[in-house]
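A.B. asks: Under the working numbering, think of the first position of the sequence shown as 1, with each following residue one higher.
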Amino acid sequence: MSEVKTFEIPIHLKQLITSNQAFHYRVIPIAKEEGVIHLKTDSPDPQGLQKELSIILGYEVLAISEIAENIQSYLTFNYRKTTNSSNEKLQYEDQFLQKLIATAKDFGSSDIHMEPYEKQCRVRFRLDGKLKEQYTISNTEYPQLINQIKIQSGLDISQKRLAQDGRITFKEGADEFDIRVSTMPTLYGEKIVLRLLNRNTQDVSLEDLGFTEEELKNYREAVKNPQGIVLISGPTGSGKTTTLYATLKELNKETTNILTIEDPIEYTLEGINQVQLREDIEFDFPAALRAFLRQDPDIIMVGEIRDDRTAGMTIKAALTGHLVLSTIHTNSAWATISRLIDMNVPSFLLASTITMSIAQRLVRKLCPHCKQPTTVDSKDFPQSFEIPEELTKHYMAVGCNQCYHTGYMGRKAIYEILPVTKELEKAIRHNELEIDMYIEQNNIKTLQHNATRMVIDGDTSVEEVYALLADN
Ligand SMILES: [Zn+2]
């Protein structure tokens, strides 16, 4: 006699979960042994489910995969789908996170910050480099939102005392991009930062970044070289990566093999081989560069020169006839040279490989709808700053509905471009690292010069570029 398949669950198991939980998580309890609830599910992530349900149910949970058709039969046989408030609440949370991310994306925001405080939690977006409060959430709703994010990004929801890093792939319609998730324990709970990644390079172009015509001509000449090193320096958030991607986009041809090693991959580029750094498996920058050199590359982009080994491998790659593009944390184009020498790069090798050093910053542009002119008063400027004659008035940020009351709208990159000429090559080789005279004589436009230009033109405020104006 053939066995009749039954989907009925014994009552003592059935009552372990509610109907809403069964339908929401698509789980069926099949046994309870020694304090462990065994469940069947068709969820694509049984492991994540185990973690979430063990907290909700207060028992250890073991989830076993089952085909969707059977789960559906179990569900309809044993539970009744209802729409009570708790179910609606779960859906609401799902929608809130989805809405939050979609809104941040629409705003052109790069990061979402979620922070618990004593009375409530706030959500801030980073817009044009500055944080702006967008929502507040009650302290009772906050833990659910955090758990949801942690589950989606593969983090341990029971671990609240250590910082964790994870990733979410966000999908809405045709839009798909990665989000880097980072959690940190703070006084009133976990703070979460979501970084929106993998932006499309469709809108990125060298022409639109902020280069002057002459700067762009010089820069293009350097990156058209089949070999050598072009370095971009600046602090985090100065737009270095965007400049590099716009460059790669231009160099991306059928005839060239371009390899990148990045951490994280911030934009995706069709036709370029992008590799994610994986330090947990010892696939770091030097290891990747070694592998790249066996892959017959023409152009290599190294996300960042962080240490001596990466600096050494970068030089080696350039010496063997490749164009290498990278970034480094220094304050000026010339400071990059001393930094590399500090990283134990022999000055004669540096002199023969580096073709251009660039420093860059992103400067917020004043909102054209509300900026206000003011007269020049020396006490508004850094003491060391010489106020140029043509600066007779400047503009202040005010704030209006058009600019989310920030006073600013959009940003522009300013550059300091230093081509390594024969004369500079000699200076590097002989460790003559004082070049103020050279900069003046060769009319190199420094970051300070370009920042001053923006103030004169009324494009930005003194406050926004104060640090650059003070820098001599
Ligand atoms: Zn405005």
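Ideal Cβ placement from N, Cα and C applies to all residues, glycine included.
Which residues end up in the neighbourhood of ligand 1 when you take C-beta atoms closer than 7 Å to any of its heavy atoms?
C.D. replies: Taking each Cβ in turn, the ones that pass are Cys367, His369, Cys370, Val398, Gly399, Cys400, Gln402, Cys403, Gly407, Met409.
A.B. asks: Label Asp128 either buried or exposed according to how many other C-beta atoms from any shown protein chain fall within 10 Å of its C-beta, with 16 as the threshold for buried.
C.D. replies: Under this definition Asp128 is a buried residue.
A.B. asks: Which value, in whole angstroms, describes the spacing of the CA atoms of Gly239 and Ser182?
C.D. replies: Gly239 and Ser182: Cα-Cα distance of roughly 21 Å.
A.B. asks: Taking 8 Å as the threshold (C-beta atoms), are Met343 and Leu418 in contact?
C.D. replies: Going by C-beta atoms, Leu418 is not nearer than 8 Å to Met343.
A.B. asks: Should Ile30 and Leu13 be called a contact, given that it needs their Cβ atoms to be closer than 8 Å?
C.D. replies: Yes, the Cβ-Cβ distance between Ile30 and Leu13 is below 8 Å.
A.B. asks: Assuming Ile149 contacts Lys51 under a Cβ cut-off of 8 Å, what Cβ separation, rounded to an integer in Å, is found between them?
C.D. replies: Contact doesn't hold; Cβ gap of about 13 Å is too wide.
A.B. asks: If you reduce the DSSP assignment to three classes, tell me which class Cys400 lands in.
C.D. replies: Cys400: coil per DSSP, three-state reduction.
A.B. asks: So which of Ala359, Gln360, Glu386, Met396 has the shortest CA-CA distance to Thr375?
C.D. replies: Of the listed residues, the one whose Cα sits closest to Thr375 is Met396.
A.B. asks: Excluding the 5 residues preceding and the 5 following Asn225 in the sequence, name in chain order all residues of the same chain whose CB lies nearer than 8 Å to its CB.
C.D. replies: Same-chain partners within the cutoff: Leu323, Thr355.
A.B. asks: When the Cα of Ile17 is compared with those of Asp45, Pro116, Gly58, which residue comes out closest?
C.D. replies: Cα-wise, what sits closest to Ile17 is Gly58.
A.B. asks: Under three-state DSSP, which class holds Ala63?
C.D. replies: Three-state DSSP puts Ala63 in a strand.
A.B. asks: Determine the burial state of Ala170: buried for a count of at least 16 other Cβ atoms within 10 Å of its Cβ, exposed for fewer.
C.D. replies: According to the sequence shown, residue 170 is Phe rather than Ala. Classification for Phe170: buried.
A.B. asks: For the candidate residues Arg290, His369, Ser73, whose alpha-carbon lies nearest to that of Val27?
C.D. replies: Taking only the C-alpha atoms, the option nearest Val27 is Ser73.
A.B. asks: Exposed or buried, what is Asp175 when buried is set at 16 or more other beta-carbons lying within 10 Å of its beta-carbon?
C.D. replies: Flag for Asp175 reads exposed.
A.B. asks: Where Leu251 and Cys403 are concerned, what is the direct C-alpha to C-alpha distance, given to the nearest angstrom?
C.D. replies: Roughly 35 Å between the two C-alpha positions.
A.B. asks: Excluding the 5 residues flanking Met134 on each side, which residues of the same chain have their C-beta closer than 7 Å to its C-beta?
C.D. replies: Note that residue 134 is Gln in the sequence shown, not Met. Cβ neighbours of Gln134 beyond the five flanking positions: Val123, Arg124, Phe125.
A.B. asks: Helix, strand or coil: how does DSSP classify Arg26 here?
C.D. replies: Arg26: coil per DSSP, three-state reduction.
A.B. asks: Rounded to a whole number of angstroms, what is the C-alpha to C-alpha distance between Thr452 and Gly321?
C.D. replies: Cα to Cα, the separation comes out at about 39 Å.
A.B. asks: My understanding is that Ile232 touches Gln360, with C-beta atoms under 8 Å, so please give their C-beta distance in whole angstroms.
C.D. replies: At roughly 6 Å, the Cβ-Cβ gap stays under 8 Å, so Ile232 and Gln360 are in contact.
A.B. asks: Roughly how many angstroms lie between the CA atoms of Ile229 and Lys105, to the nearest whole one?
C.D. replies: Computed Cα separation, rounded: 34 Å.
A.B. asks: Ile315 CB to nearest chain B CB: under 8 Å?
C.D. replies: The structure shown contains no chain B; it is built from a single protein chain.
A.B. asks: Once you ignore the five residues that flank Tyr142 on each side, which residues in its own chain have a CB closer than 6 Å to its CB?
C.D. replies: Cβ neighbours of Tyr142 beyond the five flanking positions: Pro116, Cys121.
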